[in-house]
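Trainee: Here the sequence shown stands for residues 25 to 874, numbered as in my numbering.
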Amino acid sequence: MVKKSLFQLHWFFGITAGLVLALMGITGAIWSFQDELLRLFNPDVLKVEVRQEGVLPMPELVRRIETEQGDKVSMLRVDTRSDSAARVFFTPPPGERRGPMRYADPYTGKLQSDVAGQGFFDLMLQLHRFLAMGDTGRQITGACTLMLIFFCLSGLYLRWPRKALNWRAWLTLDWAKKGRAFNWDLHAVAGTWCLLFYLLFALTGLFWSYEWYREGLNKLLADGPAAGEQHKRGESRGRPGGAANKDAKPLVVDYDAIWSNLQAAAGPTMTSYNLRLPPAGGQPATLFYLLEGAEHERALNTLTIDPANGQVNKHERYADKSFKAQLLASVYALHVGSYFGLPGRIIVTVASLTMPLFFITGWLLYLDRRRKKRQVQAARSTLATATDQGDSWLVGFASQSGFAEQLAWQSAGQLQAAGVAVQVRPLAELTEDDLNQAERALFVVSTFGDGEAPDSARGFERKVLGQPWTLDNLNYALLALGDRQYPEFCGFARRLQAWLGERGATTAFAPVEVDNADPAALQHWQEQLAQLTGSKPPAAWQAPALSNWTLVQRELMNPGSQGSAVYLLGLKAQQPAQWQAGDLVEVLPRNSAQDLAVFLRGMGLDGEAQVQVEGLQESLLQALASRNLPKSREHLVGLHAQALVDALIPLTAREYSIASIASDGVLELIVRQERHTDGSLGLGSGWLTEHVPVDNSVSLRLRSNSGFHMPAPATPMILIGNGTGIAGLRSLLKARIVAGEQRNWLLFGERNQAHDFLCAQELQGWLRKGDLARLDLAFSRDQAHKVYVQDRLREQAIELRRWLAEGASIYICGSLQGMASGVDEVLAEVLGAAEVERLIERGRYRRDVY
25 MVKKSLFQLH
35 WFFGITAGLV
45 LALMGITGAI
55 WSFQDELLRL
65 FNPDVLKVEV
75 RQEGVLPMPE
85 LVRRIETEQG
95 DKVSMLRVDT
105 RSDSAARVFF
115 TPPPGERRGP
125 MRYADPYTGK
135 LQSDVAGQGF
145 FDLMLQLHRF
155 LAMGDTGRQI
165 TGACTLMLIF
175 FCLSGLYLRW
185 PRKALNWRAW
195 LTLDWAKKGR
205 AFNWDLHAVA
215 GTWCLLFYLL
225 FALTGLFWSY
235 EWYREGLNKL
245 LADGPAAGEQ
255 HKRGESRGRP
265 GGAANKDAKP
275 LVVDYDAIWS
285 NLQAAAGPTM
295 TSYNLRLPPA
305 GGQPATLFYL
315 LEGAEHERAL
325 NTLTIDPANG
335 QVNKHERYAD
345 KSFKAQLLAS
355 VYALHVGSYF
365 GLPGRIIVTV
375 ASLTMPLFFI
385 TGWLLYLDRR
395 RKKRQVQAAR
405 STLATATDQG
415 DSWLVGFASQ
425 SGFAEQLAWQ
435 SAGQLQAAGV
445 AVQVRPLAEL
455 TEDDLNQAER
465 ALFVVSTFGD
475 GEAPDSARGF
485 ERKVLGQPWT
495 LDNLNYALLA
505 LGDRQYPEFC
515 GFARRLQAWL
525 GERGATTAFA
535 PVEVDNADPA
545 ALQHWQEQLA
555 QLTGSKPPAA
565 WQAPALSNWT
575 LVQRELMNPG
585 SQGSAVYLLG
595 LKAQQPAQWQ
605 AGDLVEVLPR
615 NSAQDLAVFL
625 RGMGLDGEAQ
635 VQVEGLQESL
645 LQALASRNLP
655 KSREHLVGLH
665 AQALVDALIP
675 LTAREYSIAS
685 IASDGVLELI
695 VRQERHTDGS
705 LGLGSGWLTE
715 HVPVDNSVSL
725 RLRSNSGFHM
735 PAPATPMILI
745 GNGTGIAGLR
755 SLLKARIVAG
765 EQRNWLLFGE
775 RNQAHDFLCA
785 QELQGWLRKG
795 DLARLDLAFS
805 RDQAHKVYVQ
815 DRLREQAIEL
825 RRWLAEGASI
835 YICGSLQGMA
845 SGVDEVLAEV
855 LGAAEVERLI
865 ERGRYRRDVY
């Protein structure tokens, strides 16, 4: 349960925060080499002639610079031995932190020309730290940095190999792999290589994101103040910039005294200094200097001085600090890698540039997982109802990601197309009688990790494999799915095969082992099945097509709610359609007319221009309605209509729980409007709840959700949900009531009873008629302390145990975060973790959460 929850959080945060982290990685890498790149492109400005007499003394250098600029210096950074130009900041305008920046020749005091590319690097820094959005961007980047720590730790846990001491399992990449296997390998192995660097980025980057984190590091790492040097709370630290208070004293600077005291403190081995003046008089200035042989570029010594007379108030030497205090002073050097010299900078930069890799591979893995689930349901929907005839074939499957289940249903479809009766069953449900009566069977099983059984088949392996059953009558074929990166390739399937052989079962043909969905192996499996049935191998399996349904109803369910609007939607098919309670729909949304108009106006194209889409001709406006419209469009500017359509990714379907049953004559959905931070509606919810007009068409397809279908008749049912999770529970309740089953207990939660009691009249009517035995409600905002459905479940612990003792099944529908995880905790607390696991294995605890 912990691993599954971590996985859900890992991919959810990854596909949301991953893009921000990718942007931060690229911009940070670019900015970290700002000085070198600017010198490369501006050699005449940033490189100066080194003179034997050395750089000008500070007083003379400042005098010449201020005379030429006609403005006062606020910050000055000088390398005393190199050919680098000095960097100078002048008095900032009112309300600004820093003033104009120029470069100057430290040997002559002459100001240099403007630097080309400086604005670009300033933008990179703004994007890296604030997404160019000010404090709002700082909060976003800070939150994403915290998520990066979670990615590192959860990713390490999730990919922990069976042979953890084998370094090859951690660090080597198999370039021979393809598709999903290669993407997973790349994601995991590259993540392991970058793990320490990303933790370093995150733990140092938070220093600039959150005050509480910065204060915590200071308390943890900073040395205590020396006797007589207790820092006064609120005392200015001499940071440059910012407008001076109108009542502040004028700033007086004695550069001769400052220069004299700097030379006395630093000595002849000083290689650079950085003077930062306060915005007004009466405040200390800060003077950093670096000595020859310093450990790194930020191993700075610090003088706190009175600018009016140059008196040194405090002198902090880097070498005198403890190691932990040196780390605190080197946060920036650690962040960019310069703490470890040039090799460290290069390695850290490369690690930063790989950040988009994880966003891309994570998305590819997520989309692949979603595709497999859709294909499983498509394969099942094309198969007729299984029979219980004695001469039927038994197809048993054990799947971890859904691919084995998909292939099991596709194989069953191939057999049925050849006139063979078929039963499809999860391996976990098979008994000795099932195997004895079947006579002919197909087993489609995957192996999880290094030889382990899928979660759904753990009970089967523990209880069945090793049993001394007699299976002389069974003739079977085995399709084994695995990954050759693991030493125990197809380990679970081979253990199943060995057990079947020991029990006397015979094979119809040699087991087919498939490495990472190898198409040649799958084709061989299809050919072998065709030989068994005397038919031809079928064409490539296709997902069911979308069909047009008419939106006939749209009703606001929570007027006056503090939360987002929730709508009850009704849709009718052009032809009669069938589905089971608990099933889902996949709706293909469209972009709104307003969004299309704005997009076309920005691209300067005619919406009536004709383009080709999958061999059909349609207008550009029609084509763009089914494409993702990116917010950043610079890379699309200048493309003609056809090239624009080809460059955009098609929209993908959105899943929703069905809230009605087929006998209602209308397919109902309960959808909450999702709103983005800019106030715009989410694509799927916005399309259904606002943009598509009533009586217009919606493209969708039904998807079987066998894991959430009804329990056995006459079985008590406990339904738990919150918010729009009532949709899936409502369909189950409707089906139960039609079937005459009244042992139904619903626990439902939302914000306020006055506005958010979804389906209130219907539920209370069922309660009055006895069709609903119990109704427990939790409205979190109706009292001082928040109450949730898991709290109601805990309060009814005795009743929960009684219902379960009578054979009840638990169904949960709603949000994964908070509600579903909270219910898991309560069940483990009331029943014990072992009992919860038994309920899962027996199919008496089922979840449809998002």
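Where a beta carbon is used, it is the ideal one built from N, C-alpha and C, also for glycine.
Using DSSP bridges, identify the partner residues of Cys-837.
Mentor: Its beta-bridge partners are Gly-745 and Asp-872.
Trainee: Check Gly-506 in the structure and name its three-state DSSP category.
Mentor: DSSP places Gly-506 in strand when its eight states are reduced to three.
Trainee: I need the straight-line Cα distance from Glu-861 to Gly-161, nearest angstrom please.
Mentor: Distance between the alpha carbons of Glu-861 and Gly-161: 43 Å.
Trainee: Could you say if the segment 806–823 and the segment 785–792 meet the contact criterion of at least three C-beta pairs nearer than 8 Å?
Mentor: Flag = no, the segment 806–823 and the segment 785–792 do not touch.
Trainee: Can you name, in chain order, every residue of its own chain whose Cβ lies under 7 Å from the Cβ of Arg-341, other than the five neighbours on each side?
Mentor: For Arg-341, where only same-chain residues beyond five positions count, the Cβ hits under 7 Å are Asn-325.
Trainee: Looking at the structure shown, is Leu-796 part of a helix, part of a strand, or coil, going by DSSP?
Mentor: Here Leu-796 sits in coil by DSSP.
Trainee: Taking Thr-328 as the reference, which of Ile-371, Val-372, Ser-362 and Ile-282 has the closest Cα?
Mentor: When only C-alpha atoms are compared, the closest one is Ile-282.
Trainee: Quick check: Leu-230 and Leu-352, are their CB atoms within less than 8 Å of each other?
Mentor: No, the Cβ-Cβ distance between Leu-230 and Leu-352 is not below 8 Å.
Trainee: Which residue's Cα is closest to the Cα of Val-58: Phe-31, Pro-116, Gln-461 and Gly-143?
Mentor: In the sequence under discussion, the amino acid at residue 58 is Gln, which differs from the Val named in the question. Closest option to Gln-58, Cα to Cα, is Gly-143.
Trainee: Mind checking who Arg-126 pairs with in its DSSP beta bridge?
Mentor: For Arg-126, which the question treats as bridged, DSSP gives the partners Val-112.
Trainee: Starting from the C-beta of Thr-132, find all residues in its chain whose C-beta is less than 6 Å away, skip the five residues before and the five after it, and write them out in chain order.
Mentor: Same-chain partners within the cutoff: there are none.
Trainee: Please determine, among Gln-350, Ser-723, Leu-648 and Ser-137, the residue with the shortest C-alpha to C-alpha distance to Ala-569.
Mentor: That would be Ser-723, whose Cα lies nearest to the Cα of Ala-569.
Trainee: Could you tell me whether the segment 47–56 touches the segment 78–89, where touching means 3 or more Cβ pairs closer than 8 Å?
Mentor: Too few Cβ pairs lie closer than 8 Å, so no.
Trainee: Taking 8 Å as the threshold (C-beta atoms), are Leu-30 and Ser-178 in contact?
Mentor: Going by C-beta atoms, Ser-178 is nearer than 8 Å to Leu-30.
Trainee: Can you give me the C-alpha to C-alpha distance between Ala-309 and Arg-87, rounded to a whole angstrom?
Mentor: Between Ala-309 and Arg-87, the C-alpha separation is close to 18 Å.
Trainee: Starting from His-339 and walking both ways along the beta strand (DSSP E), at which residues does that stretch end?
Mentor: Where His-339 is concerned, the enclosing beta strand (DSSP E) stretches over 336–340.
Trainee: Using a 10 Å radius around the Cβ and a threshold of 16 neighbouring Cβ atoms, would you call Gly-262 buried or exposed?
Mentor: Model confidence at Gly-262 stands at a pLDDT of 40, short of 50, so the residue's coordinates are unreliable; what they give is reported in the following sentence. With 16 or more Cβ atoms within 10 Å of its Cβ, Gly-262 is classed as buried.
Trainee: Below 8 Å on the Cβ atoms is my guess for Arg-754 versus Ala-683; work out the distance and round it to an integer in Å.
Mentor: Arg-754 to Ala-683, Cβ: 5 Å. Contact.
Trainee: Output the distance between the C-alpha atoms of Ser-296 and Met-99, rounded to the nearest integer angstrom.
Mentor: Ser-296 and Met-99: Cα-Cα distance of roughly 14 Å.
Trainee: For Ile-761, I'd like the list of residues in its chain whose CB is within less than 7 Å of its CB, leaving aside the five on either flank, ordered along the chain.
Mentor: Excluding residues within five positions, the ones whose Cβ falls inside 7 Å are Trp-790 and Asp-795.
Trainee: Once you ignore the five residues that flank Leu-377 on each side, which residues in its own chain have a CB closer than 8 Å to its CB?
Mentor: Within the same chain, Leu-377 has close Cβ partners Gly-49, Ile-50 and Ala-53.
Trainee: For Ala-309, which of helix, strand or coil comes out of DSSP?
Mentor: The answer is strand: DSSP assigns Ala-309 an E or B state.
Trainee: Counting pairs of Cβ atoms below 8 Å between the segment 665–679 and the segment 730–739, do you hit three or more?
Mentor: At 8 Å Cβ cutoff, the stretches do not touch.
Trainee: Once you ignore the five residues that flank Gly-475 on each side, which residues in its own chain have a CB closer than 7 Å to its CB?
Mentor: Tyr-510, Glu-512, Gly-515 and Phe-516, listed in sequence order.
Trainee: Pick out the complete beta strand (DSSP E) segments inside the segment 720–770, 3 residues or longer, and give them in chain order.
Mentor: Listed in chain order, they are 721–727 and 741–746.
Trainee: Kindly indicate which three-state DSSP category Val-374 falls into: helix, strand or coil?
Mentor: Here Val-374 sits in helix by DSSP.
Trainee: Could you pull the DSSP bridge partners for Val-419 from this structure?
Mentor: Its beta-bridge partners are Val-448 and Leu-466.
Trainee: Relative to the C-alpha of Gly-450, which residue among Gln-634, Thr-701 and Arg-482 is closest?
Mentor: The sequence shown places Pro at residue 450, rather than the Gly named in the question. Of the candidates Gln-634, Thr-701 and Arg-482, the one whose C-alpha sits nearest the C-alpha of Pro-450 is Arg-482.
Trainee: Give me, in chain order, the residues of the same chain whose beta-carbon lies closer than 7 Å to that of Leu-799; leave out the 5 immediate sequence neighbours on both sides.
Mentor: For Leu-799, where only same-chain residues beyond five positions count, the Cβ hits under 7 Å are Leu-770, Leu-787 and Leu-791.
Trainee: Which of the three DSSP states is assigned to Ile-822 in this structure?
Mentor: The answer is helix: DSSP assigns Ile-822 an H, G or I state.
Trainee: Tell me whether Pro-478 sits in a helix, a strand or coil according to DSSP, three-state version.
Mentor: Coil, per DSSP.
Trainee: Would you call the CB atoms of Val-97 and Val-74 closer than 8 Å?
Mentor: Not closer than 8 Å, so no.
Trainee: With 16 other CB atoms within 10 Å as the buried threshold, where does Ser-137 fall?
Mentor: Counting Cβ neighbours within 10 Å, Ser-137 comes out exposed, since fewer than 16 surround it.
Trainee: Are the beta-carbon atoms belonging to Val-873 and Ile-822 less than 8 Å from one another?
Mentor: Not in contact: Val-873 and Ile-822 (Cβ atoms no closer than 8 Å).
Trainee: Can you tell me whether DSSP reads Gly-606 as helix, strand or coil?
Mentor: Coil.
Trainee: Between the beta-carbon of Leu-275 and the beta-carbon of Leu-301, is there less than 8 Å?
Mentor: For Leu-275 and Leu-301, yes; Cβs fall inside 8 Å.
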